[in-house]
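Q: Let me begin by handing over the structure; questions about it come next.
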Amino acid sequence: MTSFKYYVGASIDGFVADEAGDTHWLRPFRELAGFHGDLQEFFDGIGAVVIGGKTYETIVRDVSEGHLQWPFGTKPVWIFTHHELPTLPDTDLTFIRGEISFWSRDIAKSAGAGDVWLVGGADLAGGFIQAGILDELTVITVPVFLGSGVNIFGRNAKAQLSELKIRELGDDIFASSYAIS
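Under the UniProt record's numbering, think of the first position of the sequence shown as 1, with each following residue one higher.
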């Protein structure tokens with residue numbers, strides 16, 4: 001059965017982006033062997049990706065400027081947005097509007113035998129919590145203190161978490177995975 005998983009990097013004080021919504025502070029950590037290896041292992045089990053419009057725009061900008069390669073390969077990517085957004089060649093993109101619960105079956109079906117990675121943003125992740133669709137949360141905590149910014153869920157989402165596993169990835173980076181009930 002397909003699971004919806006939110007795998008996200010965060011500062012030690014629980015922010016996934018700074019006050020400007022920027023996540024570039026996280027980029028150097030993603031290149032470290034432990035973080036990179038954990039992300040690759042996670043990604044290998046993913047069949048489809050869900051992303052919010054603002055996060056998608058940031059990725060498209062970074063790809064267009066040559067700072068980043070398209071990170072999702074040929075996997076289907078579902079983008080929740082209220083605006084018209086640019087497309088990228090050789091990608092499997094579906095732009096959607098509306099209720100998360102309305103689209104969740106189609107998204108899960110597109111994942112085939114894999115799971116669905118909810119990349120972000122934080123507000124969309126909160127929507128998946130509120131809709132009762134998010135199954136698992138993995139927070140990669142890096143040794144940075146931002147002081148303020150965008151928190152992990154971006155809205156007043158509430159959920160009961162049960163520990164699945166906590167692991168050290170090296171370089172003072174920890175991965176904490178939880179089932180969401």
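We put the CB at the ideal spot given by N, CA and C, even for glycine.
1. Residue range of the beta strand (DSSP E) that Ile79 falls in?
2. Could you check the C-alpha separation between Asp90 and Leu68 for me, to the nearest Å?
3. Roughly how far, in whole angstroms, is the beta-carbon of Gly47 from the beta-carbon of Leu169, given that I think they are within contact range, below 8 Å?
4. Nearest CA to the CA of Ala142: which residue from Ala111, Ala179 and Phe15?
5. Within its chain, find whatever has a CB closer than 7 Å to the CB of Phe95; leave out the 5 residues flanking it on each side and keep chain order.
6. Whole angstroms is fine: what's the gap from Tyr7's alpha carbon to Ala179's?
7. Starting from Glu136, trace the beta strand (DSSP E) both ways and give me its first and last residue.
8. With DSSP collapsed to three states, give me the class of Ser177.
9. Do Ile129 and Val139 have their CB atoms nearer than 8 Å?
10. Could you check which residue in Asp22, Lys109, Ala17 and Arg30 has the C-alpha nearest to that of Asp172?
11. Rank Ser177, Ala17, Gly154 and Asn156 by C-alpha distance to the C-alpha of Glu163 and give the top, closest one.
12. Could you please give the first and the last residue of the uninterrupted beta strand (DSSP E) stretch that includes Trp117?
13. For Leu146 and Ala122, what's the separation of their Cα atoms in angstroms?
14. On the DSSP bridge assignment, give the partners of Tyr7 in chain order.
15. Just to confirm my understanding: we take Leu32, look at its own chain, exclude 5 residues before and 5 after, and list those with CB closer than 8 Å. What are they?
16. Under 8 Å, do Pro71 and Ile59 count as touching if we go by C-beta distance?
17. Ala175 to Trp103, Cα distance in whole Å?
18. Using only CA atoms, which one of Asn156, Trp117 and Gln160 lies nearest to Val49?
19. Identify the continuous beta strand (DSSP E) that holds Thr94 and give its terminal residues.
A: For this structure:
1. Pro76 to Phe80
2. 15 Å
3. Wrong, their Cβ atoms sit about 24 Å apart, outside the cutoff.
4. In the sequence as displayed, the identity of residue 142 is Val instead of Ala. Checked all of Ala111, Ala179 and Phe15; the closest Cα to Val142 is Phe15.
5. Ile79, Thr81 and Leu85
6. 12 Å
7. Glu136 to Val142
8. strand
9. no
10. Arg30
11. Ser177
12. Asp115 to Gly120
13. 16 Å
14. Thr138
15. Leu169, Gly170, Asp171 and Ile173
16. yes
17. 29 Å
18. Trp117
19. Asp92 to Ile96
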